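Written out below as structure tokens is the structure these notes cover.
This is the structure we're talking about:
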């Protein structure tokens, strides 16, 4: 099995399970679990293919991946005890594995098309986080990438390293996969985040200031 096929299978299973777990957290029925799982597993790849010009029909040729995703979601739905109850922790683990595997896969697709580094980074980010964004939107959640801990940064890092050929061999790709998973889990555990700015407080201050001027 080629390395890119391994990453595809790992990412598909992880994101399918991530979507299924979120659907179960939201009390979706079996159909909802399948929809959310498939959207999470294949949404990012579809967005990537549209943007970088990779054949969109490739998505429909992934019969094996569709089957694997279906089986994985069915197992987690009928045997939820396999998750040992902490759905949130399980969601984070699956999401971390899927993010790493798909970010690497997306970057490799762009390299295969001989695209510039900027396109490699975009392909890595879209493939790595696109499915998660679709999942969160369908589950009526604020997309994790827009407010949570450092998330998209890890996909950007993958794109930079692969696009500049700092990581090239199969062994290096596998090592990068492990490192990104660990960094993602550490960022959740230690709550690493990017700077935030809120206008809520300043809006009040501006209103109060305008009122004082009028008085």
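Residue numbers (the working numbering): 5 to 219. We treat Cβ as the ideally placed atom computed from N, Cα and C, and that holds for glycine. Quick caveat: nothing in here was measured; it's all calculated off a predicted structure.
The three-state reading of DSSP puts residue 170 in coil, since its state is none of H, G, I, E or B. If you keep only unbroken alpha helix (DSSP H) runs of at least 4 residues inside the segment 78 to 156, you get 91 to 116, 121 to 142 and 148 to 151. Ranking 178, 157 and 67 by CA distance to the CA of residue 112 puts 178 first. For residue 201, there is no enclosing alpha helix (DSSP H), as DSSP gives it neither H nor E. For the set 197, 196, 200 and 192, the Cα lying nearest the Cα of residue 97 is the one of 192. Note that the segment 70 to 79 touches the segment 35 to 42; at least 3 beta-carbon pairs, one per stretch, sit closer than 8 Å. Secondary structure note for residue 57: it is in no alpha helix (DSSP H), with a DSSP letter that is neither H nor E.
The C-alpha of residue 109 is placed about 28 Å away from the C-alpha of residue 28. The segment 42 to 58 and the segment 115 to 128 touch, with three or more beta-carbon pairs separated by less than 8 Å. If you look at residue 9, you'll find it in the alpha helix (DSSP H) that goes 7 to 29. Taking a 10 Å sphere around the C-beta of residue 69, we find 16 or more other C-beta atoms and assign the residue as buried. Between residue 101 and residue 20, the C-beta gap is not smaller than 9 Å, which leaves the two residues out of contact. DSSP places residue 38 within a helical segment (H, G or I) once states are collapsed to three.
Under the three-state reduction of DSSP, residue 65 is assigned to helix. Looking at the backbone, the Cα of residue 185 and that of residue 167 are separated by about 19 Å. The beta carbon of residue 149 lies closer than 8 Å to those of 133, 136, 137, 155 and 156 in the same chain, with the five residues before and after it left out.
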